[in-house]
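Numbering of the sequence shown is given in this note's numbering, commencing with residue 111 and proceeding in unit increments.
Note that the Cβ used here is the ideal one computed from N, Cα and C, for glycine as well.
Reading through the structure tokens given below for one structure.
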Amino acid sequence: MNLKKVKIRPLRRDDFDDVVEIDERVFNQSRSETFLPTEGVVRFREKPIQKLKAYEIAELAIARTLYYETKFTRALDQKDRLTISLVAEEGEKVVGFVMSELFVGEYGISATTATLDTIGVHPDYQKKGVGEQLMVEFIGHLRKAGVKKLNTLVDWNDWQLIRFFNKNGFEPAKTMNLELSIE
Numbered sequence: 111m112n113l114k115k116v117k118i119r120p121l122r123r124d125d126f127d128d129v130v131e132i133d134e135r136v137f138n139q140s141r142s143e144t145f146l147p148t149e150g151v152v153r154f155r156e157k158p159i160q161k162l163k164a165y166e167i168a169e170l171a172i173a174r175t176l177y178y179e180t181k182f183t184r185a186l187d188q189k190d191r192l193t194i195s196l197v198a199e200e201g202e203k204v205v206g207f208v209m210s211e212l213f214v215g216e217y218g219i220s221a222t223t224a225t226l227d228t229i230g231v232h233p234d235y236q237k238k239g240v241g242e243q244l245m246v247e248f249i250g251h252l253r254k255a256g257v258k259k260l261n262t263l264v265d266w267n268d269w270q271l272i273r274f275f276n277k278n279g280f281e282p283a284k285t286m287n288l289e290l291s292i293e
């Protein structure tokens, strides 16, 4: 793969299927679980896919579509936030993406902090500089928008992603995300 052939451009609606495919391949699962009501999540996790009934498979497919449709709508339909979401393309093939949000701020005062929501590089293109190229272009766009700080959340155990972010200048924040599981 030649990095010079990889071009970075703004995310478009027709990138939907490619972004979903990359995201699901990178995370080895559909993010639809996170979008289902708790009852549905438990029900689907307890059964192997082969034992799901047709209506359950349909619910999963709908949830998958809703999750990604929501992300794309937020990324492309800019109302109360500026979005700087990009894809990396080799030829006509999308090989990576980054999605973020920059809230405009209250009373029209620009916020200087953005949130990196999701990033993914097709497994065949990982460790070849595509992610770094995406980040350089992405951060350049943020600078032009007046952003001073970029935040993201990472799974504590995702050492590969933590190393990637560290390599791209991220440091641990002064705040910590805490959660309480209520069952």
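Option nearest residue i by Cα separation, candidates the options
{"i": "Lys277", "options": "Val257, Arg253, Gln243", "result": "Gln243"}
{"i": "Phe137", "options": "Leu288, Ile292, Val264, Ile249", "result": "Val264"}
{"i": "Leu196", "options": "Leu212, Gln236, Ile118, Asp124", "result": "Ile118"}
{"i": "Arg72", "options": "Gly279, Val205, Gly256, Asp124", "result": "Because the chain spans 111 through 293 in this model, residue 72 falls outside it and cannot be assessed."}
Inter-residue spacing [alpha-carbon to alpha-carbon] between residue i and residue j
{"i": "Thr223", "j": "Ile272", "result": "20 Å"}
{"i": "Leu113", "j": "Ala283", "result": "32 Å"}
{"i": "Glu200", "j": "Trp266", "result": "31 Å"}
{"i": "Asn261", "j": "Val129", "result": "21 Å"}
{"i": "Lys237", "j": "Lys259", "result": "25 Å"}
{"i": "Leu212", "j": "Lys203", "result": "27 Å"}
{"i": "Glu281", "j": "Phe275", "result": "8 Å"}
{"i": "Leu226", "j": "Asp234", "result": "23 Å"}
{"i": "Thr228", "j": "Arg123", "result": "16 Å"}
{"i": "Leu121", "j": "Leu252", "result": "15 Å"}
{"i": "Arg153", "j": "Glu293", "result": "Residue placement at Arg153 is poorly supported in this model, since its pLDDT is 41, which falls under 50; the coordinates still yield a value, given next. For Arg153 and Glu293, the distance between alpha carbons rounds to 15 Å."}
{"i": "Asp127", "j": "His232", "result": "13 Å"}
Where residue i falls, given that 16 or more other Cβ within 10 Å makes a residue buried
{"i": "Met286", "result": "exposed"}
{"i": "Glu289", "result": "exposed"}
{"i": "Val246", "result": "exposed"}
{"i": "Ser210", "result": "buried"}
{"i": "Gly250", "result": "exposed"}
{"i": "Gly241", "result": "buried"}
{"i": "Ile194", "result": "buried"}
{"i": "Ile132", "result": "buried"}
{"i": "Asp125", "result": "buried"}
Sub-7 Å separation of residue i and residue j beta-carbons
{"i": "Gly230", "j": "Phe207", "result": "yes"}
{"i": "Val257", "j": "Ala198", "result": "no"}
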